[in-house]
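*Asks:*
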Amino acid sequence: MNQVVLRTPAGEAPAPAASYDDLVARVRAGEFGPDPSTQRIAVAFSTRQSVRHEGREGGYRNEVLSLRLGAAVGSCAVEPGELPDAAIEDCVGADLDRLLGHELRPVRVAALDTYLMHVRPHTPANGARPWSLPAGSSLRKSRARARAVTGLIDVVPGARVLVIGVVNSLLEALRERGLAYVPCDLKGGTTEWGEPVHTDAFAELERCDAVLASGMTLGNGSFEPLREHALRHRKPLVMFAQTGSAVLPGFLGSGVSAVCAEPYPFFWLDGGSGIVHRYHGETPGAAR
């Protein structure tokens with residue numbers, strides 16, 4: 001398979017994106033590789049999942065839009081039931097430049113993720129460090145992924161982490177590290193341990209020492225304010241990304257301190273072993 005060569009000097013990574021819109025503009029200008037108007041989506045599909053791990057009281061549902069370009073699959077999670085069926089049909093055969101300007105944000109994010117997966121796959125040459133997930137139950141794999149994610153948060157024990165996108169395995173892993181947390185999710189509710197889940201993450205930012213956020217923030221439009229806050233306050237921002245796994249490494253050094261990237265197929269789709277890809281950037285104000 002032919003690899004796409006980046007339009008950057010040999011041995012140099014592209015400069016960090018100044019904003020989400022800046023990254024999109026650079027992609028559309030062909031800075032990272034071929035003109036996206038020449039790249040057409042062959043396959044578009046959605047994946048729906050409902051889960052309740054053994055031994056857990058609560059469960060959750062996922063729905064993800066994915067687009068395929070060659071060997072690359074890019075994704076964006078949506079709230080279950082919110083993606084019109086027509087959106088999938090609209091993507092098939094469309095060029096990526098058109099989809100980057102689509103009226104639906106999840107389509108735009110999935111298109112950007114697909115393009116960047118195509119030109120900057122998760123390889124060591126592009127800064128990715130593989131982390132193996134064991135075969136086994138969904139809970140075993142969830143806990144293994146949680147350790148990969150939370151290990152990227154460079155703070156001292158006792159620090160308070162704002163968690164945006166509540167995953168109980170992540171909260172469990174933070175507890176094991178001796179870190180406090182403030183759970184936030186638009187769905188509200190309570191955690192596995194009966195803790196209230198806040199619905200306004202921005203109201204909690206000032207009292208937290210670090211932020212751990214889902215890539216779903218790309219799909220709902222809350223990523224940019226989070227990135228700007230982290231950059232302005234030199235606060236660690238770690239992203240765990242099924243949505244936008246190839247997009248978020250582009251912000252390392254521009255507000256994002258680390259990324260745990262998990263492209264399709266996700267850990268909950270297969271009982272076999274798997275891999276996530278960890279990216280490390282500079283951690284503002286980190287304890288050494």
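Start counting the sequence shown at 1; every next residue gets the next number (the UniProt record's numbering).
For every residue, glycine included, the Cβ atom is placed at its ideal position computed from N, Cα and C.
(1) State the start and end residues of the unbroken beta strand (DSSP E) segment that holds P130.
(2) Which value, in whole angstroms, describes the spacing of the CA atoms of V276 and S214?
(3) Give me, in chain order, the residues of the same chain whose beta-carbon lies closer than 6 Å to that of L205; leave out the 5 immediate sequence neighbours on both sides.
(4) Does the distance from the C-beta atom of V119 to that of L162 stay below 8 Å?
(5) Using CA atoms only, rank isn't needed, just tell me which of L99, A18, C260, E79 is closest to T38.
(6) Using only CA atoms, which one of L174, D185, R232, L152 lies nearest to C260?
(7) Contact check, S46 vs E63 under 8 Å by CB: the rounded distance?
(8) Count Cβ pairs between the segment 243 to 252 and the segment 107 to 125 that sit closer than 8 Å; are there 3 or more?
(9) If you measure between the beta carbons of A173 and R147, is that distance less than 8 Å?
(10) With V156 as the anchor, note down where its beta strand (DSSP E) starts and where it stops.
(11) Taking G274 and L186 to be in contact with their CB atoms under 8 Å, please state how far apart those CB atoms are, rounded to whole angstroms.
(12) Between V92 and I41, is the Cβ-Cβ spacing less than 8 Å?
(13) So, are the CB atoms of G127 and Y279 less than 8 Å apart?
(14) Helix, strand or coil for C208? Go by DSSP, reduced to three states.
(15) Exposed or buried, what is F202 when buried is set at 16 or more other beta-carbons lying within 10 Å of its beta-carbon?
*Replies:* For this structure:
(1) Against the sequence shown, residue 130 aligns to sequence position 130. First-last of the beta strand (DSSP E) with P130: 129 to 133.
(2) Taking the sequence shown and counting its residues from 1, the one referred to as residue 276 is at position 276. Taking the sequence shown and counting its residues from 1, the one referred to as residue 214 is at position 214. Answer to the nearest angstrom: the Cα atoms are 14 Å apart.
(3) Here the question's residue 205 lines up with position 205 in the sequence shown. The answer, listed in chain order, is H229.
(4) Here residue 119 is taken as the residue at index 119 of the sequence shown, counted from 1. Here residue 162 is taken as the residue at index 162 of the sequence shown, counted from 1. Contact: no.
(5) If you number the sequence shown from 1, residue 38 lands on position 38. Selected option, being the one with the closest Cα: L99.
(6) Indexing the sequence shown from 1 puts residue 260 at position 260. Measuring from the Cα of C260, the nearest candidate turns out to be L152.
(7) Here residue 46 is taken as the residue at index 46 of the sequence shown, counted from 1. Here residue 63 is taken as the residue at index 63 of the sequence shown, counted from 1. Indeed they touch by this definition, with Cβ atoms about 6 Å apart.
(8) The segment 243 to 252 and the segment 107 to 125 touch, with no fewer than 3 CB-CB distances between them shorter than 8 Å.
(9) Here residue 173 refers to the residue found at position 173 of the sequence shown. Here residue 147 refers to the residue found at position 147 of the sequence shown. Taking 8 Å as the cut-off, the Cβ atoms of A173 and R147 count as close.
(10) One-based indexing of the sequence shown puts residue 156 at position 156. Membership of V156 in any beta strand (DSSP E) is not indicated, and neither H nor E is assigned to it by DSSP.
(11) On the sequence shown, position 274 is the one that residue 274 refers to. On the sequence shown, position 186 is the one that residue 186 refers to. Taking the Cβ atoms as the reference, G274 lies roughly 27 Å from L186, outside the contact range of under 8 Å.
(12) Taking the sequence shown and counting its residues from 1, the one referred to as residue 92 is at position 92. Taking the sequence shown and counting its residues from 1, the one referred to as residue 41 is at position 41. Cβ atoms of V92 and I41: closer than 8 Å.
(13) In the sequence shown, counting from the first residue as 1, residue 127 sits at position 127. In the sequence shown, counting from the first residue as 1, residue 279 sits at position 279. Taking 8 Å as the cut-off, the Cβ atoms of G127 and Y279 count as close.
(14) Here the question's residue 208 lines up with position 208 in the sequence shown. DSSP places C208 in coil when its eight states are reduced to three.
(15) Your numbering for residue 202 matches position 202 in the sequence shown. Classification for F202: exposed.
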